[in-house]
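Have a look at the structure below before the remarks.
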Amino acid sequence: MNNNAAIRELLDKYFEGDTSLEEENSLREFFSGDIADPALKPYKALFSFFQNEQRLQPSERLEEQFFEQLFQEDASEPKQREALLRPLRPWLMRAAMVAFLLSGCWWIYTRYQPPAPTETAAIDWSKYEPETPEEAFRITREALGKASRHLNEGTSKAIEEMALLGEMGKVLH
Amino acid sequence: MSPESFKHQIMPLKDRMYRLALRITGNPAEAEDALQEVWIKLWKQGDHLLQIQNLEAWCVRVTKNHCIDKVRNKKPEVREWTEAVETVSWDQNPERKAEQQDTLRLIRDAIGRLPEKLQLVMHLRDIEGLTYQEIEEALEMPMSQVKVNLFRARQQVRAQLLNTGLQ
Amino acid sequence: MRIKPVLFTLLLAGIALSAAAQTDANAIDKYFQQYVNDNRFSVVYISPKLFQMFGKLDVGVLDMDNDTEAQAVMDMIKDLRGLRILTTDENVAEFYKEAKAKINTKEYETLMTVREKDGNQVEFLVRESENKIAELLLLAGGPGADEFVLMSFVGLLDLNKISRLAKEMEK
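Keeping their order, the protein sequence lines are chains A, B and C.
In case it helps, our numbering puts the first sequence at residues 1003 to 1175.
In case it helps, our numbering puts the second sequence at residues -1 to 165.
In case it helps, our numbering puts the third sequence at residues 7 to 177.
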């Protein structure tokens, strides 16, 4: 076919890198149809590939996602202020770290320096000791008795309450 | 720059940018990630962007550079085109369709084996239909180099095409 | 930044040290620090040394109602390492509230709270160590009570023994 000869010529031109965009378009168009000539068949694959690739697109959500992200960023940090702070940021970080370190040291210092004289060892308990063992015993016995009484009071109350709950349970069931 | 003008100026180029990213990364998910990153880069340029004369070539260039960086920083691994690259077949017969899918994959691999420069020139010319001037700008490559690289790319693809015995 | 690890080590060391220091002082110590010199409070401390001397006491002198009670008291004293009592009859409700707020709830666990009809409240708190009671706190007061009491029994205590004592005393 006459047409085929023209196409072959165009193909040669194409592989030499001498075709114009229009000529390349007509090649693609030609190869999108049925090709009878076996010598031309391999080129159909090539031009079909080009055509196929031309139709590839990103997913539809991509653009949407981008703008969503954009608005989120816009909302979360005012652009101008960010631009203003940007050059300062490394310094701000360093300053914050130094402040942190200093406050940490200060905190440790205040915790460790003054307590010794004023707080921890402050109480001289011996001042409050009873003068005789008898007195001490009496106090201890009283204290234990008091603790014991309250303890029993608590448990008996708890037992009473449990019993009461039990009674209520019986009524309810 | 308002989101509106970004939408009108940049987004019409998104398919072209995506295909280029896909060509370089070889993976649709990665190409989309790259595209998001490129858009953010461009957005951050703000009004600067509006002063650029050939915005299209600029966008292609930024995409190319970003993706090449991305690929280079990645550990070398087999670049595989996933099935997500849905190919549009040119035959409706299911048997022939599968066969043609294989053919497309062969050609994709053949182009994939080309040196990066040749791949990019061929992609921009034969798939995106850019003029030599546009390619020159986008790839920051002198016109003569563009032509030589295109010639080499086409020759090499033809050789592979005939070697694989596609009939 | 390279400074960070150093900073964290320092701070961690500081926190660990201060935490260790804090656990040393017991609840009454902390509370006492504020009121030890306050004349409104009466303070009693019985040292381990005094406890040891109890053994030598003549039970007859001690005005005990019966021998089993004496035995029960002696039995418990063996376990005691210290007893501190802080009492006042002023501002009862307020001191009670304050003491409750001051006691570290991480260290002391409330054993029981007894609330009486007249508004007097008694709270038992325990500090455990190795699953045994190492300190028993008795806190009494509240609105309507006429006395604020804070007692700290230090030692390995057996609550059953303490509970039994009351029964012995009632005999």
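Virtual Cβ for every residue (Gly too), placed ideally from N, Cα, C.
Rounded C-alpha distance that separates residue i from residue j
i: residue 156 (chain C); j: residue 165 (chain C); result: 18 angstroms
i: residue 144 (chain B); j: residue 158 (chain B); result: 21 angstroms
i: residue 12 (chain B); j: residue 1096 (chain A); result: 41 angstroms
i: residue 43 (chain C); j: residue 99 (chain C); result: 20 angstroms
i: residue 149 (chain C); j: residue 112 (chain C); result: 26 angstroms
i: residue 136 (chain C); j: residue 162 (chain C); result: 10 angstroms
i: residue 110 (chain C); j: residue 77 (chain C); result: 34 angstroms
i: residue 1074 (chain A); j: residue 118 (chain C); result: 53 angstroms
i: residue 1109 (chain A); j: residue 108 (chain C); result: 21 angstroms
i: residue 6 (chain B); j: residue 1012 (chain A); result: 38 angstroms
i: residue 133 (chain B); j: residue 63 (chain B); result: 14 angstroms
i: residue 174 (chain C); j: residue 73 (chain C); result: 9 angstroms
i: residue 94 (chain C); j: residue 48 (chain C); result: 6 angstroms
i: residue 1071 (chain A); j: residue 40 (chain B); result: 14 angstroms
Closer than 8 angstroms to chain A by CB, residue i
i: residue 1 (chain B); result: yes
i: residue 51 (chain C); result: yes
i: residue 169 (chain C); result: yes
i: residue 29 (chain C); result: Caution is warranted here: a pLDDT of 46 is assigned to residue 29 (chain C), below 50, making its placement in the model unreliable, and no coordinate value can be reported.
i: residue 130 (chain C); result: yes
i: residue 155 (chain B); result: yes
i: residue 91 (chain C); result: yes
i: residue 141 (chain B); result: no
i: residue 66 (chain B); result: no
i: residue 145 (chain C); result: no
i: residue 79 (chain C); result: yes
i: residue 165 (chain C); result: yes
i: residue 61 (chain B); result: no
i: residue 50 (chain B); result: no
i: residue 105 (chain C); result: no
i: residue 160 (chain C); result: no
i: residue 172 (chain C); result: yes
Any C-beta of chain B under 8 angstroms from that of residue i
i: residue 1005 (chain A); result: no
i: residue 1056 (chain A); result: yes
i: residue 1038 (chain A); result: no
i: residue 1062 (chain A); result: no
As assigned by DSSP and simplified to three states, the class of residue i
i: residue 89 (chain C); result: strand
i: residue 127 (chain C); result: strand
i: residue 146 (chain C); result: strand
i: residue 159 (chain C); result: strand
i: residue 1034 (chain A); result: coil
i: residue 42 (chain B); result: helix
i: residue 46 (chain C); result: coil
i: residue 50 (chain B); result: coil
i: residue 135 (chain C); result: strand
i: residue 1141 (chain A); result: helix
i: residue 63 (chain C); result: coil
i: residue 105 (chain B); result: helix
i: residue 52 (chain C); result: strand
i: residue 184 (chain B); result: Examination of residue 184 (chain B) is not possible in this model, given that chain B is present from -1 through 165 alone.
i: residue 151 (chain C); result: coil
i: residue 94 (chain C); result: strand
i: residue 1041 (chain A); result: coil
i: residue 111 (chain C); result: coil
i: residue 1022 (chain A); result: coil
i: residue 1080 (chain A); result: Model confidence at residue 1080 (chain A) stands at a pLDDT of 49, short of 50, so the residue's coordinates are unreliable and nothing is read from them.
i: residue 118 (chain C); result: strand
i: residue 1133 (chain A); result: coil
i: residue 100 (chain C); result: helix
Cβ pair residue i, residue j closer than 8 angstroms
i: residue 17 (chain B); j: residue 138 (chain B); result: no
i: residue 37 (chain C); j: residue 105 (chain C); result: yes
i: residue -1 (chain B); j: residue 61 (chain B); result: no
i: residue 1146 (chain A); j: residue 82 (chain C); result: yes
i: residue 1159 (chain A); j: residue 120 (chain C); result: yes
i: residue 102 (chain C); j: residue 147 (chain C); result: yes
i: residue 56 (chain C); j: residue 1138 (chain A); result: yes
i: residue 159 (chain C); j: residue 89 (chain C); result: yes
i: residue 1022 (chain A); j: residue 1033 (chain A); result: no
i: residue 20 (chain B); j: residue 1064 (chain A); result: no
i: residue 66 (chain B); j: residue 22 (chain B); result: yes
i: residue 102 (chain B); j: residue 1054 (chain A); result: yes
i: residue 116 (chain B); j: residue 154 (chain B); result: yes
Any chain C beta carbon closer than 8 angstroms to residue i
i: residue 1161 (chain A); result: no
i: residue 1094 (chain A); result: no
i: residue 1157 (chain A); result: yes
i: residue 1153 (chain A); result: yes
i: residue 1133 (chain A); result: no
Check your understanding: Which residues, in chain order, does the region 123 to 135 of chain B contribute to contact with chain A at a C-beta distance below 9 angstroms?
Key -> 123, 124, 125, 126, 127, 128 and 129
Point to revise | Near-chain A residues of the region 12 to 42 of chain B (beta-carbon distance less than 9 angstroms), N- to C-terminal order | key: 12, 13, 15, 16, 17, 19, 20, 21, 26, 29, 30, 33, 34, 37, 38 and 41
Point to revise | Contact list for the region 1008 to 1034 of chain A against chain B, Cβ threshold 8 angstroms | key: 1016, 1017, 1018, 1019, 1023, 1026, 1027 and 1034
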